[in-house]
Amino acid sequence: MISEEEHFRHIMEFLSGLLAEHGDTDRHIRYVQGYTEILAREYGRLHPRAGMTGQRLSWIVKAAGLHDIGKLAVPVRLSERDMCLSENDLRLIRDHTVRGSEMIPQLFDFMGKDFCRICRNVCLYHHERYDGSGFPKGYKREHIPVEAQLVGLADMYDVLLHGPRGRTSYSREMVYYMLMNGKCGNLSPVMCECLENAREAMETFRLAEDGIGGANSPVSA
Ligand SMILES: [Fe+2]
Ligand SMILES: [Fe+2]
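The sequence shown finishes on residue 224 if you use this note's numbering, and the numbering steps up by one all the way, no holes.
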């Protein structure tokens with residue numbers, strides 16, 4: 004009989020092929036997972052009573068790989084970054100958060116309620132920002148679940164650093180400056196602290212994944 008872990012891996016392999024057609028490459032998913040793991044470990048170290056157990060961390064890293072699963076419900080033509088977007092296009096793109104959260108219980112029921120809750124939070128809230136400038140709900144401050152804040156930060160970090168479809172966009176120093184100064188919507192003070200402490204480990208991970216550093220990836224899920 005197939006294990007839960009294998010079942011999950013098979014579904015992920017299938018989904019990542021589909022997601023690549025919608026602009027979310029394997030590379031982006033892997034890097035977001037790696038950055039999320041580093042940030043979540045730092046969060047757990049800074050807040051030992053926040054319940055960042057090994058199990059929760061592993062679920063958050065898995066959920067990070069699914070953050071944009073809702074893009075499967077968005078027309079492929081809208082993943083072309085150079086195209087001009089109408090109000091309706093923007094609404095459809097932003098709706099990937101809601102659509103993704105709806106897909107999770109159908110696809111991952113076998114993983115249990117706690118995993119599905121974390122994963123739905125990540126899908127639904129990873130574009131919310133601490134100051135309420137995000138979407139889909141415009142939630143503020145502590146109303147945004149920590150797992151969504153962690154994945155949202157990892158996602159922005161990778162997109163700003165690598166640009167759409169792997170093209171380099173900003174320098175590492177500029178990305179750090181932009182994130183710490185709310186240029187993409189404010190981060191919570193806790194996320195700023197995590198980023199500040201974890202930035203060197205994130206760079207080590209990036210260099211290793213880019214094949215420059217030669218170290219092993221920290222991704223365990
Ligand atoms: Fe997204
Ligand atoms: Fe993403």
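C-beta atoms are modelled at their ideal positions from N, C-alpha and C, and glycine is treated no differently.
No experiment lies behind these values; they were computed from the predicted model shown.
Task: Assigned secondary structure, T207 (DSSP; H/G/I helix, E/B strand, else coil) - done: In this structure, T207 counts as helix in the three-state DSSP scheme.
TODO: Indicate, with yes or no, if ligand 1 has a heavy atom lying under 7 Å from the CB of H99.
DONE: yes
Open item on the list: On the DSSP letters alone, give me the boundaries of the alpha helix (DSSP H) that M183 sits inside.
Closed with: R175 to M183
Open item on the list: Just to confirm before moving on: does the CB-CB distance between M55 and A66 stay below 8 Å?
Closed with: no
- [ ] Tell me whether K74 is buried or exposed, calling it buried when 16 or more other Cβ atoms sit within 10 Å of its Cβ.
- [x] buried
Open item on the list: Distance check for T207 and P221, CA to CA, integer angstroms please.
Closed with: Low local confidence applies: a pLDDT of 46 at P221 is under 50, so the model's placement there is unreliable, with the coordinate-based value given in what follows. Their Cα atoms are separated by approximately 10 Å.
Open item on the list: Following a CB-centred definition, is H70 positioned closer than 7 Å to any heavy atom of ligand 2?
Closed with: yes
Open item on the list: Only counting the same chain, and skipping five residues up and downstream in sequence, which positions put a Cβ closer than 8 Å to that of P51?
Closed with: Nothing meets the Cβ criterion.
Open item on the list: Out of P78, G115 and S104, which one is the CA nearest neighbour of L93?
Closed with: P78
TODO: Say whether the segment 27-36 touches the segment 180-194, bearing in mind that this needs 3 or more beta-carbon pairs closer than 8 Å, one atom from each stretch.
DONE: These segments do not touch.
- [ ] Compute every distance between the C-beta of H25 and the non-hydrogen atoms of ligand 2, then say whether any falls below 7 Å.
- [x] no
TODO: Have a look at E176, R144 and E8 and flag the residue whose alpha-carbon is nearest the alpha-carbon of W62.
DONE: E8
Open item on the list: Is any non-hydrogen atom of ligand 1 found closer than 7 Å to the C-beta of H31, if you look at the structure I gave you?
Closed with: Not one heavy atom of ligand 1 is found less than 7 Å from the C-beta of H31.
- [ ] Starting from the C-beta of D112, find all residues in its chain whose C-beta is less than 8 Å away, skip the five residues before and the five after it, and write them out in chain order.
- [x] C119, listed in sequence order.
Open item on the list: Cutting at 6 Å between CB atoms, please list the residues of its own chain near G155, excluding the five before and the five after it.
Closed with: H129
Open item on the list: Judging by CA-CA distance, which residue of R12, V125 and E176 is the nearest neighbour of E100?
Closed with: For clarity, residue 100 is Thr in the given sequence; the question names Glu instead. T100 has its Cα closest to that of V125, out of R12, V125 and E176.
Open item on the list: Can you list, in chain order, the residues of its chain with a C-beta nearer than 8 Å to that of L88? Leave out the 5 residues immediately preceding and following it.
Closed with: L81 and I96
Task: Inter-residue Cα distance where the pair is G47 and V149 - done: 11 Å
TODO: Compute every distance between the C-beta of H50 and the non-hydrogen atoms of ligand 1, then say whether any falls below 7 Å.
DONE: no
Open item on the list: I'd like to confirm something about H129: is its beta-carbon nearer than 7 Å to some heavy atom of ligand 1, or not?
Closed with: yes
- [ ] Would you kindly check if the distance between the Cβ of I41 and the Cβ of A201 is under 8 Å?
- [x] yes
Open item on the list: Let me check understanding here. Comparing Cα to Cα, which of L163, R132 and M159 lies closest to S191?
Closed with: R132
- [ ] Label S174 either buried or exposed according to how many other C-beta atoms from any shown protein chain fall within 10 Å of its C-beta, with 16 as the threshold for buried.
- [x] exposed
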